[in-house]
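Taking the working numbering, the leading residue of the sequence shown gets 403, the next gets one more, and so forth. Structure record follows, encoded as structure tokens.
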Amino acid sequence: MTKKRDMILHCQDIVKIYDEGELKVKVLHEINLDVYKGELLMLVGPSGCGKTTFVSVITGLLGFEGGECKVLGRDLSKMSDEEKTIFRGKEIGFVFQSFNLIPALSAIENVALPLTIFGVDKKEALSRSLKMLKAVGLGNKENFLPGNLSGGQQQRVAIARALVHNPKLVICDEPTSSLDHKSGQTVMELLTKLIKENNMTMIVVTHDNRIYKYADRIAHMEDGKINKIEEIKK
């Protein structure tokens with residue numbers, strides 16, 4: 403980076419070891435990565451290279467055995483499990499490959515979940531959720547159940563749910579792999595627009611090289627290491 407920017411994520415020499423009885427498997431090998439405010443970083447690499455494990459570490463879902471990991475200035479190694487849960491709920495948004503919507507809840511109720519879980523008044527939660535659904539182009543679908551929406555529409559509901567609490571960091575796990583090409587492009591254009599408008603930071607784990615053009619940088623992983631970081635010219 404040629405100019406100084408606020409750092410959202412700082413990882414230095416991150417090591418993750420899975421203990422399988424007498425066998426110890428090192429799955430992350432001294433990973434170093436900085437992510438900056440407002441950028442879209444894609445994490446790419448073959449299956450089994452450690453992408454999901456790394457994302458689980460930086461969101462506090464998994465511990466780690468060596469190195470330093472700071473997210474939004476907070477040192478994960480010094481936080482309790484309860485503190486990590488609260489931190490994730492307030493500061494991080496998640497978009498999943500399989501949408502993870504609750505079938506029995508309407509679109510607006512699904513979007514409102516992150517707010518109601520943390521005690522936001524129901525009326526306010528639904529108001530904010532409707533505003534977010536309108537932002538993703540589904541203002542007329544708020545009462546639809548997930549089963550009555552297309553795959554692309556379900557992913558947009560999932561995006562609205564991920565962003566409704568105004569997180570500083572958004573993590574997307576294969577957000578386009580369950581979608582056709584056109585729907586995938588639409589989802590990425592929407593995500594890019596929304597994070598730029600709200601000055602959020604996004605990390606996208608993906609195998610889909612059709613969406614690489616939306617990245618500011620691409621971190622290439624292999625065998626538990628980040629071996630190249632590529633800047634994308636716009």
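Even for Gly, the Cβ is constructed at its ideal location relative to N, Cα and C.
Exercise. Return the residue from the list Glu432, Gly440 and Asn629 that minimises the CA-CA distance to Ile416.
Key: Glu432
Quiz item: Starting from Lys598 and walking both ways along the alpha helix (DSSP H), at which residues does that stretch end?
Solution: His583 to Glu599
Quiz item: Taking Cβ positions, are Ile410 and Lys439 nearer each other than 7 Å?
Solution: yes
Quiz item: So, using beta-carbon positions, are Leu443 and Val437 closer together than 7 Å?
Solution: yes
Exercise. Could you tell me which uninterrupted alpha helix (DSSP H) segments, each at least 4 residues in length, are contained entirely in the stretch 492-557, listed from first to last along the chain?
Key: 509-519 and 524-537
Self-check item: the stretch 525-543 in contact with the stretch 510-517 per 3-pair CB rule at 8 Å
Solution: yes
Exercise. State the Cα-Cα distance for the pair Glu485 and Val497, rounded to the nearest angstrom.
Key: 21 Å
Quiz item: If you compare alpha carbons, which of Arg407, Glu422, Glu441 and Asp408 is closest to Ala621?
Solution: Glu441
Quiz item: Span of the alpha helix (DSSP H) holding Lys453?
Solution: Lys453 to Ile460
Quiz item: So is Asn601 buried or exposed if we call it buried at 16+ other beta carbons inside 10 Å?
Solution: exposed
Quiz item: Should Ser508 be labelled buried (16 or more other beta-carbon atoms within 10 Å of its own) or exposed?
Solution: buried
Self-check item: Buried versus exposed, by CB contacts within 10 Å (16 or more), Lys598
Solution: exposed
Quiz item: Counting Cβ pairs, one atom from each stretch, are 3 or more of them under 8 Å apart for the stretch 603-622 and the stretch 573-587?
Solution: yes
Self-check item: Identity of the residues DSSP links to His412 by a beta bridge
Solution: Asp436 and Lys472
Self-check item: Buried or exposed (CB count within 10 angstroms, at least 16 for buried), Leu593
Solution: buried
Quiz item: Could you give the distance in angstroms between the alpha-carbon of Asp421 and the alpha-carbon of Glu632?
Solution: 33 Å
Quiz item: Whose C-beta lies closer than 8 Å to the C-beta of Lys525 among residues of the same chain, with five residues either side of it excluded?
Solution: none
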